[in-house]
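Asks: The working numbering runs 2 ahead of the 1-based position in the sequence shown. We put the beta carbon where it would ideally sit given N, CA and C, even for glycine. Have a look at the structure that comes next, please.
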Amino acid sequence: MRVLVVGAGVVGLSCAVRLREAGVAADVVADAAGAATTSAAAAALWYPYRAHPPERVTGWAASTREELERLSADATTGVVLRDGVEYVRQPTGEPWWASAVPRLAWRGGGPAGCAGGWAFRAPVADTGRYLDWLAARLGDLGGSLRHERMRSVAQARAEADAVVLATGVGARELPGDPAVTPVRGQVVRVRAPSVRQWVLDEGHPAGLVYVVPRIDDVVCGGVDEPGAESPEVDAQTARRILARCIDVVPELAGAQVTGHAVGLRPYRPSVRLERDPSDPGVVHCYGHGGAGVTLSWGCADEVTDLITGR
Ligand SMILES: Cc1cc2nc3c(=O)[nH]c(=O)nc-3n(C[C@H](O)[C@H](O)[C@H](O)COP(=O)(O)OP(=O)(O)OC[C@H]3O[C@@H](n4cnc5c(N)ncnc54)[C@H](O)[C@@H]3O)c2cc1C
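Structure (structure tokens):
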């Protein structure tokens with residue numbers, strides 16, 4: 003059976019790798035790859051952010067966490083494990099996705115105004131390295147990555163026995179899903195070797211804060227702008243992001259800025275992972291919001307099950 007995966011972000015590449023591992027001749031076609039994808043802009047901390055519904059997301063997140071943890075043993079993947087804390091302003095019960103992590107501990111205190119936070123060890127993917135590793139893994143398994151824009155599902159369908167649509171925010175056109183909306187994100191990358199732990203503070207009065215140490219740099223975020231589509235880095239936004247990250251993680255003060263990135267999170271009220279009701283040869287896998295990396299392997303496994311019927 004020949005399968006064409008449309009999309010070379012973290013979702014499409016993971017699906018193609020899993021299909022190949024299951025013995026299916028899967029190849030990828032995409033009009034953008036590597037640094038040109040939303041996936042490249044991701045922080046990319048394992049964390050189920052802006053993705054629904056909770057029951058399915060928790061299952062996908064749990065299996066992805068296990069797989070990313072396994073990959074972190076191989077330095078060439080670009081995946082590392084980092085301890086960190088999600089701070090909250092008010093004391094809360096365990097987060098809805100708590101069952102997806104083996105150890106979650108409440109820690110009192112934290113930055114001004116926080117009641118404490120949930121501490122756990124999470125995988126972080128250095129997206130430049132990780133997307134390259136996924137593409138190379140696909141190649142090692144005999145798969146290819148071709149650069150071309152697909153104008154219709156029929157065009158993709160004509161090439162293969164089955165098609166996987168992993169088109170991210172492009173799902174508005176292919177397959178044409180009005181439920182997908184872009185949620186613009188922007189991050190600042192800095193050099194700060196002393197920062198070793200990730201921090202998330204969604205309730206910061208100045209806006210969303212996350213600080214994610216990767217291998218050579220630290221990703222500082224962020225913004226969360228539903229409906230905004232500008233791919234340009236906004237300098238004022240970058241300054242504001244850095245200011246509030248320094249407020250939460252003072253060691254970032256004076257850190258050298260090494261880069262900026264912008265991406266459009268493919269938000270959908272629920273991730274679409276299903277066979278097309280009118281064509282079982284089409285499998286949809288898009289709408290992962292702010293959690294495409296976090297859900298990637300769990301979704302790739304389910305796509306593979308749908309294609310192979312295993
Ligand atoms: C600033 C920021 C920070 C983030 N942080 C995190 C994080 O910490 N953890 C996390 O898990 N997630 C995070 N995310 C979310 C994550 O980046 C997305 O959920 C994920 O990248 C979605 O992956 P994808 O493969 O579906 O989409 P994309 O990466 O957008 O890939 C879509 C692919 O489809 C192709 N395509 C689309 N239409 C067509 C067509 N018609 N023909 C051919 N090809 C087509 C595109 O070229 C591209 O290759 C973040 C996002 C942003 C913007």
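May I ask whether a heavy atom of ligand 1 can be found less than 7 Å away from the beta carbon of V189?
Replies: yes
Asks: Per DSSP, which residues does L275 bridge with? Please list them.
Replies: C287
Asks: Are L246 and D219 touching if we call contact CB-CB under 8 Å?
Replies: According to the sequence shown, residue 246 is Arg rather than Leu. No, they are not a contact pair.
Asks: Run through DSSP, which three-state label would Y89 get?
Replies: Correct three-state label for Y89: strand.
Asks: Give the range of the beta strand (DSSP E) segment to which V7 is assigned.
Replies: R4 to A10
Asks: What residue ranges within the region 99 to 128 form continuous beta strand (DSSP E) runs of no fewer than 3 residues, ordered along the chain?
Replies: 107 to 110 and 118 to 127
Asks: In this structure, does DSSP put Y132 in helix, strand or coil?
Replies: helix
Asks: List the residues that DSSP assigns as beta-bridge partners of D203.
Replies: Partner(s): Y89 and V211.
Asks: Who are Q258's beta bridge partners in DSSP?
Replies: R193
Asks: Within 8 Å (strictly less), CB to CB, does R216 reach chain D?
Replies: Of the protein chains in the structure, only one exists, and it is not chain D.
Asks: Measuring alpha carbon to alpha carbon, tell me which of I243, Y89, A45 and R151 ends up nearest A10.
Replies: R151
Asks: Buried or exposed for Q188, going by 16 or more other Cβ atoms inside 10 Å?
Replies: buried
Asks: Whole-angstrom Cβ separation of A102 and R58, contact assumed at under 8 Å?
Replies: Not a contact, Cβ separation roughly 12 Å.
Asks: Quick check on DSSP: helix, strand or coil for R20?
Replies: helix
Asks: On the three-state DSSP scale, how would you describe L308?
Replies: The answer is helix: DSSP assigns L308 an H, G or I state.
Asks: On the CB-based measure, 16 or more other CB atoms within 10 Å of its CB, does H286 come out buried or exposed?
Replies: buried
Asks: Less than 6 Å between C-beta atoms, sequence neighbours within five positions excluded: which residues of the same chain meet that for E161?
Replies: Same-chain partners within the cutoff: L6.
Asks: Rounded to the nearest angstrom, what separates E304 and A164 at their Cα positions?
Replies: 15 Å
Asks: Put L147 into one of helix, strand or coil per three-state DSSP.
Replies: strand
Asks: H290: beta carbon under 7 Å from a heavy atom of ligand 3?
Replies: Absence of ligand 3 from the depicted structure is noted, with ligand 1 being the only ligands included.
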